[in-house]
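If you use mature numbering (1 follows the signal peptide of the UniProt record, and there is no 0), the sequence shown corresponds to residues -20 to -1, 1 to 281, in order.
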Amino acid sequence: MKKILLFIVTCLLHFSSTQAQDFQGKAIYLSKTSVGDFNFGGREISEEQKKRFMARMKEQSEKTFILTFDKTAAIYEEEEKLETPGRDNGGRGGFRFGDFSGGKLYKNIKDQNYAKESEMFGKVFLIKDDLKQLNWTMGSETKKIGNYTCYKATAIQAIDSTGFDSLRKRRDSERKKEEKEDVVTKDSTKSKVSMFKEREEPKEIEITAWFTPEIPVSQGPGEYWGLPGLILEVNAGNTVLLCTKIVLNTDEKIAIEAPTKGKVISQQEYNETLLLKMEEMSERFRGGNRGSGGNSNRGRN
């Protein structure tokens, strides 16, 4: 541990003596998320449909992000990709992948706050909230990521009860409880089976990060920050973020400024609004299907 601290101090002194005040860098991260198992809501679909669906999910779970940073602030955003012509962007009817999208995430570690643009069903929101600091525990393990020597740090992160996934699962649980208390038909019960196999969700997860003091800025991908060096890799639950390229002090400087467009809203308010909108879309989709079925029956009578 003493060797790690000595190395960090040495890097800080070297950085301070060699870098100009307008220091800026850019890091490219590859994000991969395991999508888990599916039972397709108990519906029977062809193997070709399954392959197309899983290929689309894989594409959505593998993304490239760019982190542009200086000594106190950073912009984190997804690399722009052109959509394949003719693609329906998630399927016909109901919720589609393109119905909401996240924009730039601005993180200011000096003021410990963030701002993020997000578009939801055609409306732009500006999420503003405080950065959450993890209680990092420094390890003694090291490894090379590219040309940089990285040190291991871990933290236990409680699952945010106000986060979108937590709100969705809580709402699903309440709905299932209500369904058990009501008298429902077999067909209506089947229509509400989840596409995801049910499993007990953890209340906390372990975060493993690898940071390099050779770039002594307290930044990292996404929501991660707070270590004495740039975070180059994060393992969190079923998501891995890995830095694939770093560029420091290029001639082209990018303005690292907080976004300003959109209706200002807190993260919790945004999560609750998103969940409500998705439920409304889902109800309209189910209602449309029931209406089509009813018209078909009336036509046969």
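We treat Cβ as the ideally placed atom computed from N, Cα and C, and that holds for glycine.
inquiry  = Taking 8 Å as the limit between beta carbons, can you name the residues of its chain near K84, skipping five residues before and five after?
reply    = I55, Y56, E57, K96, E97, P239
Q. Which same chain residues, not among the five before or five after Y128, have their C-beta less than 6 Å away from its C-beta?
A. T192, E194
Which residue or residues does DSSP assign as beta-bridge partners of N93? N88, D110
Measure the C-alpha to C-alpha separation of E252 and A235 and round it to an integer number of angstroms. 32 Å
Legend entry - Reduced DSSP category for N215 - H, G, I as helix; E, B as strand; rest coil: strand
Express the C-alpha separation of R32 and S14 in angstroms, rounding to a whole number. 17 Å
**Exposed unless 16 or more other CB atoms sit within 10 angstroms - verdict on E213** = buried
On the criterion of 16 or more Cβ atoms from any shown chain inside 10 Å, does residue 305 qualify as buried, or is it exposed? The question about residue 305 has no answer here: the residues shown for the chain are numbered -20 through 281.
Assumed close pair I245, F101 - CB separation to whole angstroms, cut-off 8 Å:
Not confirmed; about 14 Å, so no contact.
Given this structure, state the Cα-to-Cα distance separating E184 from G217, to the nearest angstrom.
9 Å
>> Strictly under 8 Å for the Cβ-Cβ distance: is S198 near chain D by that measure?
In response: Although the question refers to chain D, the structure presented lacks it and comprises just one protein chain.
Let's see if you can read the secondary structure: which residues bound the beta strand (DSSP E) around T52? Where T52 is concerned, there is no enclosing beta strand (DSSP E), given that its DSSP letter is neither H nor E.
Query - A189 versus R264 - alpha carbon distance - result: 42 Å
Going by beta carbon distance, what residues of the same chain come within less than 7 Å of G202, once the five residues before and after it are set aside?
Y56, L221
Check your understanding: So, using beta-carbon positions, are Q247 and F49 closer together than 8 Å?
Key -> no
* Got a sec? Which residues, its chain only, sit under 6 Å from L228 by beta carbon, not counting five neighbours each side? -> G5
Notebook entry, point to check: Taking Cβ to Cβ, would you say Q137 is nearer than 8 Å to I187?
Noted result: yes
- Mapping DSSP to helix, strand and coil, what is M261? helix
Next item on the list: Return the Cβ separation of T117 and A133 in integer angstroms, given the expectation that the two are a contact with Cβ distance under 8 Å.
Entry: 7 Å
Bridge partner(s) assigned by DSSP for G202: DSSP lists no partner for G202.
message = Out of T52, I226, Y204, which one is the CA nearest neighbour of L111?
response = Y204
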